[in-house]
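Q:
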Amino acid sequence: MKIGIFGGSFDPIHSGHIEVARQAYALLNLDEVWFLPSSKTPLKDRNLTDNEDRKHMISLSIQNIPYFSLCTIEMEREGISYTIDTVLELKRLYPDYDFYWIIGNDQLKQFHLWKEANRICEEVKVVCFNRDYQMSSTKYPIQCLHMKDVCVSSSEIRKGNKLNYLCDGVLDYIYEKRLYVEEFVKSRVKPKRFEHSLSVAKLCSQFAINNGLDEKKAYYAGLFHDIAKSMTVKEMEPWMDILCPENKSYAPAVWHGFVGSEIVDRIFEIHDPQIKNAIYHHVLGTSEDPYAMIVFCADKLDPLRDYDTSYGIGLCNENIYKGFLYECEENRKYLEGK
């Protein structure tokens, strides 16, 4: 059998990976392609997402493609994983198989740093797939093939970009397990705003638990409540013009709630109406939906603020509606005193 081995961190796997594997399967006339997620590699210093989570996302992505399989041999090995060790182990386990090692141009550029690179090329056929016609030159006997351009990377997705390139079920799993989501926010707001967002999300979770509400829903409403806060008026204006022109009469300082509710829907694909509503109303406190009340109160009562918020937090933990009425009154007094 001719088996393509497609290694990588797959953190997370996306449709670009699937396309590479499909093209390798077709162009090399393979019988199967095995996805080989790495555990700890010598040429990457970033902490990878938990092995079980990455395995599950790969399984979701390949479950309907019969000639794709998941190979966890590197994840099962303790310590740093070297490709040559994996090659030799696979050949020992499957002596009659003909292996094709699939790499990309970034890996080709580093191939000279791989442990026993020459021996790898002796033991398996190494094939480089690249999106660009300009490929890195190499002294190794590596076959280079051009592939159709797929403009996405795992690092982009970890920042919340191009989430539509995730395969069916993967984004739901990411939100279920809360993978990468804090990075989604961190990449779009200033550092202090990010600290505030994390603190508000934590407080929202607390309020939800103590009021018998959905903790995860409250957490996401709090985490994303200021997602548009770092946008300029010029950046928000097109969103306001198209989606809620009737709200342009409000001061621009209020707009980030309106715009943020659409950003979580259209960019981050969070379609829950209560989360959107909570973000929409969190500045003005004009909704009595329980999640909107939670976010409004948590935003005002963030423990990182430079005033004592313990009394209001206690009220909200006891009864969110009671805490909401208290915070609305406090906010009214504050605005009248300005």
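Counting from 3, one number per residue, gives the positions in the sequence shown under the working numbering. The C-beta atom is built at its ideal place from N, Cα and C for all residues, glycine as well.
(1) Can you have a look at residue 255 and say buried or exposed, based on whether 16 or more other CB atoms are within 10 angstroms of its CB?
(2) Going by DSSP in three states, residue 34 sits in which element: helix, strand or coil?
(3) Using 8 angstroms as the threshold, is the C-beta distance between residue 296 and residue 210 below it?
(4) Write down the C-beta distance between residue 293 and residue 277 rounded to the nearest angstrom, noting that I regard them as a contact closer than 8 angstroms.
(5) Over the uninterrupted alpha helix (DSSP H) stretch that includes residue 122, give me the two end residues.
(6) Within 10 angstroms of the Cβ of residue 14, are there 16 or more other Cβ atoms? Answer buried if so, exposed if not.
(7) For my contact list, residue 192 and residue 232 are in at a C-beta cut-off of 8 angstroms; report their separation, rounded to the angstrom.
(8) Determine, using beta carbons only, whether residue 4 and residue 100 come nearer to each other than 8 angstroms.
(9) Helix or strand or just coil, what does DSSP make of residue 207?
(10) By the 10 Å Cβ neighbour count, where 16 or more other Cβ atoms means buried, how is residue 160 classified, buried or exposed?
(11) Can you confirm whether the segment 73-90 touches the segment 15-34 when touching is taken to mean that 3 or more C-beta pairs between the two stretches lie within less than 8 angstroms?
(12) Give the secondary structure of residue 4 by DSSP, where H, G and I count as helix, E and B as strand, and everything else as coil.
(13) For residue 316, count neighbouring C-beta atoms within 10 Å of its own C-beta (all shown protein chains included) and say buried if the count is 16 or more, exposed if not.
(14) From residue 58 to residue 73, what distance separates their C-alpha atoms?
(15) Compute the Euclidean distance between the alpha carbons of residue 97 and residue 225, then round it to the nearest angstrom.
(16) Going by DSSP, what residues sit across from residue 100 in a beta bridge?
(17) Using CA coordinates, which residue listed in 112, 185, 148, 152 is at the minimum distance from residue 162?
(18) Rounded to whole angstroms, what is the Cα-Cα separation between residue 17 and residue 167?
(19) Do residue 198 and residue 306 have their beta-carbon atoms positioned less than 8 angstroms apart in this structure?
(20) Among 171, 304, 324, 310, whose alpha-carbon lies nearest the alpha-carbon of residue 66?
(21) Would residue 94 be called buried (16 or more neighbouring beta carbons within 10 Å of its own) or exposed?
(22) Excluding sequence positions up to five away, which residues of its chain have a Cβ less than 8 angstroms from the Cβ of residue 302?
(23) Grouping DSSP H, G and I as helix and E and B as strand, with all else coil, what is residue 173?
(24) Since residue 65 is in the beta strand (DSSP E), which residue starts that stretch and which ends it?
(25) Please state if the CB of residue 9 and the CB of residue 41 are separated by a distance shorter than 8 angstroms.
(26) Out of 12, 70, 286, state which residue places its alpha-carbon closest to the alpha-carbon of residue 51.
(27) Assess, as a yes-or-no matter, whether the segment 113-125 is touched by the segment 148-157 under the definition of 3 or more beta carbon pairs within less than 8 angstroms.
(28) Secondary structure at residue 130, three-state DSSP: helix, strand or coil?
(29) Using CA coordinates, which residue listed in 26, 240, 177 is at the minimum distance from residue 106?
(30) Do residue 38 and residue 86 count as a contact pair if the criterion is CB distance below 8 angstroms?
(31) On the DSSP bridge list, what partners appear for residue 145?
(32) Indicate whether residue 201 and residue 304 have their beta-carbon atoms separated by less than 8 angstroms.
A: Per the coordinate set shown:
(1) Exposed: under 16 other Cβ atoms inside 10 Å.
(2) DSSP places residue 34 within a strand segment (E or B) once states are collapsed to three.
(3) Yes, they are a contact pair.
(4) Confirmed, Cβ separation roughly 7 angstroms.
(5) Element bounds for residue 122: 119-125.
(6) Classification of residue 14: buried, given that the 10 Å Cβ count is 16 or more.
(7) The C-beta distance from residue 192 to residue 232 rounds to 5 angstroms, short enough to meet the 8 angstroms contact threshold.
(8) Result yes, Cβ atoms of residue 4 and residue 100 sit closer than 8 angstroms.
(9) Looking at residue 207 - three-state DSSP - the assignment turns out to be helix.
(10) Buried, since its Cβ has 16 or more Cβ neighbours within 10 Å.
(11) Using a C-beta cut-off of 8 angstroms, the segment 15-34 makes no contact with the segment 73-90, since fewer than three inter-stretch Cβ pairs fall below that distance.
(12) Strand.
(13) Result: exposed.
(14) C-alpha of residue 58 to C-alpha of residue 73: approximately 12 angstroms in a straight line.
(15) Cα-Cα distance, rounded: 51 angstroms.
(16) Assignment of beta-bridge partners to residue 100 by DSSP yields 4.
(17) Ranked by Cα distance from residue 162, the first of 112, 185, 148, 152 is 185.
(18) Straight-line Cα distance between these residues: approximately 5 angstroms.
(19) Here residue 306 is near residue 198, since their CB atoms are less than 8 angstroms apart.
(20) Comparing Cα-Cα distances from residue 66 to each of 171, 304, 324, 310, the minimum goes to 171.
(21) Residue 94 should be labelled exposed.
(22) Same-chain partners within the cutoff: 311, 314, 329, 332, 333.
(23) When DSSP states are grouped into helix, strand and coil, residue 173 belongs to the helix group.
(24) From DSSP, residue 65 is part of no beta strand (DSSP E); its letter is neither H nor E.
(25) Not closer than 8 angstroms, so no.
(26) Considering only alpha carbons, the answer is 12.
(27) Contact between the segment 148-157 and the segment 113-125 is absent: fewer than three C-beta pairs spanning the two stretches fall below 8 angstroms.
(28) Here residue 130 sits in strand by DSSP.
(29) For residue 106, the nearest C-alpha among the options comes from 26.
(30) Cβ atoms of residue 86 and residue 38: not closer than 8 angstroms.
(31) BP columns for residue 145 point to 129.
(32) Yes, Cβ-Cβ distance for residue 201 and residue 304 is below 8 angstroms.
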